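In the numbering used here, the protein residues as written are 898 to 1110.
Worksheet: one structure, shown below.
Pasting the structure below:
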């Protein structure tokens, strides 16, 4: 059945994330975090984080409470994580990836359909509002995607997170991991303020503040 398949995928994901990802990331990068109490332990919720490295998803997973692991659904570029049937299956099954097509297949395609469906199911969506990986330790322009998603779910909390040193450990274009101590700062959750431009600006200001802490 459909529900049985979902339950099995969640079980596989919990085992993989708890027994493989968390110990490995903790060993290589550590888990230094400020504001851990602000991380969601249940869904629906949105985590908005900066993006400097392919390690970002794995590091966020390592920071999350164990009971939240099965609910995590990172939004990631389909051309990286789902470029072939096997990578698509692995990414969806073991990491819970929600593939995002960076080029719309049609004018009417809804880029937020996947994240919206996950929130409707009570899951925790991880979004990188810059859209693509930026320079290490620098925050790029925050795009309005998170605000538009929050507008659809005004009661769902948005949790800003800023991570450091991951862009040094595995920068864009590199395939060699250099262990640096990862760090993260988490701000208090906030809900949609009623205006997408204002919410986007507030999110950008909060993440910039986290970067400076």
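Where a beta carbon is used, it is the ideal one built from N, C-alpha and C, also for glycine.
Bear in mind the structure is a predicted one, so any value in this text is a computation, not a measurement.
Check	Outcome
With distance defined between alpha-carbon atoms, name the residue in 909, 1023, 928 nearest to residue 1063.	928
Helix or strand or just coil, what does DSSP make of residue 1026?	coil
Looking only at C-alpha atoms, which of 1048, 1046, 943, 1060 sits nearest to residue 1077?	1060
Cutting at 7 Å between CB atoms, please list the residues of its own chain near residue 938, excluding the five before and the five after it.	962, 964, 965
At the level of alpha carbons, what is the spacing between residue 921 and residue 950?	17 Å
Since residue 1082 sits in a beta bridge, which residues does DSSP pair it with?	931, 1059
Would residue 944 and residue 925 qualify as a contact pair, given that the criterion is a beta-carbon distance under 9 Å?	no
What residue range does the alpha helix (DSSP H) around residue 983 cover?	982-987
If I follow the unbroken alpha helix (DSSP H) through residue 1015, where does it start and stop?	1010-1017
Determine the closest residue to residue 923 out of 1089, 1083, 1079, with distance taken between C-alpha atoms.	1079
Mapping DSSP to helix, strand and coil, what is residue 1067?	coil
Give me the DSSP bridge partner(s) of residue 972.	995
Could you give the C-beta distance for residue 935 and residue 1025, rounded to a whole number, given that I count them as a contact under 8 Å?	At roughly 18 Å, the Cβ-Cβ gap does not stay under 8 Å, so residue 935 and residue 1025 are not in contact.
Between 1066, 1043, 998, which has its C-alpha nearest residue 1090's C-alpha?	1043
Just grab the DSSP bridge partners of residue 1087 for me.	1055
Find out if the Cβ-Cβ distance for the pair residue 989, residue 960 is shorter than 9 Å.	no
How would you write the range of the alpha helix (DSSP H) that residue 1102 sits in, first residue to last?	1093-1109
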